[in-house]
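Those sequence lines, one after another, are chains L and E.
For our numbering, count along the first sequence from 1 and bump the result up by 3.
For our numbering, count along the second sequence from 1 and bump the result up by 1162.
Don't be surprised by glycine CBs; every beta carbon is placed ideally from N, CA and C.
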Amino acid sequence: MEYILEGIRQAVRLIFSLDREIFSIVLLSLKISTISIFLSSLAGVPVGFIIGTNEFRGKKLLVTIFNTLMAFPTVVVGLLVYSFISRQGPLGPLGLLFTPQAMVIGQFILATPIIVALTISATQGIDPRVKLTAMTLGASPLRTATTILSEARFALMAAVIAGFGRVIAEVGCAMMVGGNIRGYTRTMTTAIALETSKGEFGFGLSLGLILLAVAFSVNILLHWLQLRES
Amino acid sequence: MDNFQFEVREMTKAYNGKKVLDISHLTIKKGRIYGMMGPNGAGKTTLLYILSLLLLPTSGKIYFEGVDTCKVNQYSLRQKMTLILQNPLLFNTTVESNIAYGLRVRGVEEEEQKKRVKECLKLVGLDSFEKRRTKDLSGGEIQRVAIARALALNPMVLLLDEPTANVDRGSVALLEKILKELNQRFKITVILATHDINQAYRISDEVIYLFEGKIARSPLENLYRGRVTKDKDIFLFDTGKIQVSILPERDEVNHISIPPEDIIVSIKPISTSARNSFSGKIFHVSDGGNSIRLGVDVGEKLWVKVTKKSFQEMRLNLGSQVYLTFKSSSVEAY
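Encoded structure:
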């Protein structure tokens, strides 16, 4: 018990002394996850929109696939990305292994299915009269699409936040393709895993608390958005 | 040709192989108000959607001011008209943003947008509603904002799908007044689907009657539901109360209508080639302007017209026994 209390004391000290090491790790985590989510949204929202607002053969199957991919195990994604970017892999010559870029790729693969699947349900839930109304008011096809997205804005924000929540907290993929290199690819989750196993319990705990705070804030934001929508 | 806002030729619309519209020819002249009538499921909404270029017909042509709508960019044509949906939807923003939507789409300057929004809100009696959130509006207010949003566009054609189905009487009167005024001031063509026969005649220059997807001779009178039985070479339509001889043009007939002006009224039975003759008592007499409108109960209630002169000569009155005679070919089958 004394061990845990000492860890907590040390963690609080580290956070409130604005420890440089800790904050550079936190910033890097936020940066990598934000870039990943930005790219995932760029790809996932249009794809989800197209699937959600059109009827075609195989739609159900596609939706099921994306729903299943939402639960893609992070180490499997890590394995997949690793196999492509490791030295012998097809993308080996690009030298991406153990770089932040590799981590962005991994997180992109993790977050995109979530954003696609949630965009599908967000746009499917939109009243069909939104499209008709935009058309009767003379909107171009592109404008009509952005109007539908704008009507689904709260649900879309929720999709993006859900994706962010997943990638900021994942460890498997970040560890495998990032390599936890200090000051370069060391994120909150990889540092927690490594430092704790090294016996730096207080250090791990301080990052854990910050990660928890980030996850909480994200979920509170999500909850608030959902409240506003209803 | 140039006087036509719309011309519809040999147009059909089918869903899953079932025809819901079948219009051989329909013209809508510029600057007039049309009332579109018909029972539920007659195809009024579908026709409005097709004219608004929201739906494509299954076959046939739609001309807008003489231009084949299939051959041009539909969305640029769509900007010349607007449709108010039966149950209008406002975007989940402010009233101002909703009314300005169509203006933004058309690249109107912001100053001008604001001015138009103000004008249109005034027109529908919702001054200073600009900043209200649409989700806080009542049903009647939503309807009015939807009208303001349509008017803001200065459309050449305004189509309305039963705009007064869910609003109070005050709003109905206001809308009718606005439509008349717009039509007179700006020569806007108005096409208004309605259930209300009085409304149709009150505000429109012409009434289009739709029945089971077809343009019917205007308002169908003596309309009966029933089924066809075949007796040798004669087709009989059984309404459940009377049997009417008809000449069906298609296999399936569920309704017939007998135009009142095609029915001959006599005091004694007359021998003619007409296959239908019924006798019954007059239960209703009313003045129809140049003619007298009679309701005769022959098992079914039939409406007929006679001139004032014959009415007097035959000394007809409530309760008089008369004979009604009409040809099979006068009966319209649907």
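Inspect the beta-carbon positions of residue i and residue j and report whether they are closer than 7 Å.
i	j	result
V119/L	I38/L	no
Q1275/E	L1283/E	no
E1462/E	I1396/E	no
R1480/E	I1425/E	Note on identity: in this sequence residue 1480/E is Leu, with Arg being the wrong assignment. Not a contact, by the Cβ cut-off of 7 Å.
V1493/E	I1420/E	yes
G3/L	V180/L	One cannot answer for residue 3/L here, as it falls past the ends of chain L, which runs 4 to 233.
V1319/E	Q1474/E	no
T122/L	V174/L	no
L228/L	A161/L	yes
G1197/E	L1321/E	no
L1409/E	S1491/E	yes
T188/L	P103/L	yes
I1309/E	I1195/E	no
D1323/E	T1207/E	yes
C176/L	V80/L	yes
V1484/E	V1427/E	yes
I223/L	L210/L	no
Leaving out five residues before and five after residue i in sequence, what residues of the same chain have Cβ atoms less than 7 Å from its Cβ?
i	result
K1181/E	T1174, G1375
R1295/E	T1256
V221/L	I164, F167, G168
D1459/E	G1442, K1443, F1445
S44/L	I118, V163
P1422/E	E1383, N1384, W1465, V1466, K1467
L1247/E	D1323
Can you list the residues of chain L that residue i reaches, using a CB-CB cut of under 8 Å?
i	result
G1269/E	Correct list: empty, because the minimum Cβ distance to chain L is about 11 Å.
R1311/E	L140
L1315/E	L140, G141
With 7 Å set as the bound, which would you pick, yes or no: does the beta-carbon of residue i sit closer than that to a beta-carbon of chain L?
i	result
N1254/E	yes
R1295/E	no
G1264/E	yes
R1140/E	Any question about residue 1140/E goes unanswered here, given that chain E covers just 1163 to 1496.
Y1237/E	yes
T1244/E	yes
Residue i versus chain L: which residues are under 7 Å apart at the beta carbon?
i	result
T1231/E	Those within 7 Å of T1231/E in chain L number zero; the least Cβ separation is about 14 Å.
S1214/E	T139
Go through its chain and collect everything with a Cβ distance to residue i's Cβ below 8 Å, but skip five positions before and after it.
i	result
K1470/E	N1452, S1453, I1454
R1387/E	T1401, N1416, H1417
A172/L	T192, L214, A218
G1222/E	V1170, R1171, E1172, M1173, T1174, I1185
V66/L	I54, A120, I123
R90/L	L100
Interface residues of chain E around residue i at Cβ under 8 Å?
i	result
R244/L	There is no way to answer for residue 244/L, as the model of chain L reaches only from 4 to 233.
E154/L	F1253, N1254
Establish whether the CB of residue i and some CB of chain E are separated by less than 7 Å.
i	result
R132/L	yes
S43/L	no
S124/L	no
S32/L	no
S36/L	no
S143/L	yes
In chain order, what residues of the same chain lie with their CB nearer than 6 Å to the CB of residue i, ignoring the 5 residues before and after it?
i	result
E198/L	F206, G207
L159/L	A125
E1227/E	none
S1333/E	G1302
T1391/E	L1398, D1400
Along chain E, which residues have their Cβ under 7 Å away from the Cβ of residue i?
i	result
L135/L	L1216, L1247
(message) Ignoring anything shorter than 4 residues, give me the alpha helix (DSSP H) runs that lie fully in the stretch 135-215 of chain L, in order along the chain.
(response) 144-154, 156-172, 191-200
(request) Go through the stretch 1193-1242 of chain E residue by residue and report every complete run of the beta strand (DSSP E) that reaches 3 residues or more, in order. (result) 1195-1199, 1221-1226
(message) To test your reading of the DSSP string, which unbroken alpha helix (DSSP H) runs of 4 or more residues are found completely within the stretch 1430-1495 of chain E?
(response) 1470-1475
(request) Within the stretch 1248-1290 of chain E, note down every full alpha helix (DSSP H) run reaching 4 residues or more, in order along the chain. (result) 1257-1267, 1272-1285
(request) Quick one: which unbroken alpha helix (DSSP H) runs of 4-plus residues sit fully inside the stretch 44-81 of chain L? Chain order, please. (result) 62-72
(message) Report the start-end ranges of each beta strand (DSSP E) in the stretch 1306-1341 of chain E that is 3 residues or longer and not cut off at the edges.
(response) 1319-1323
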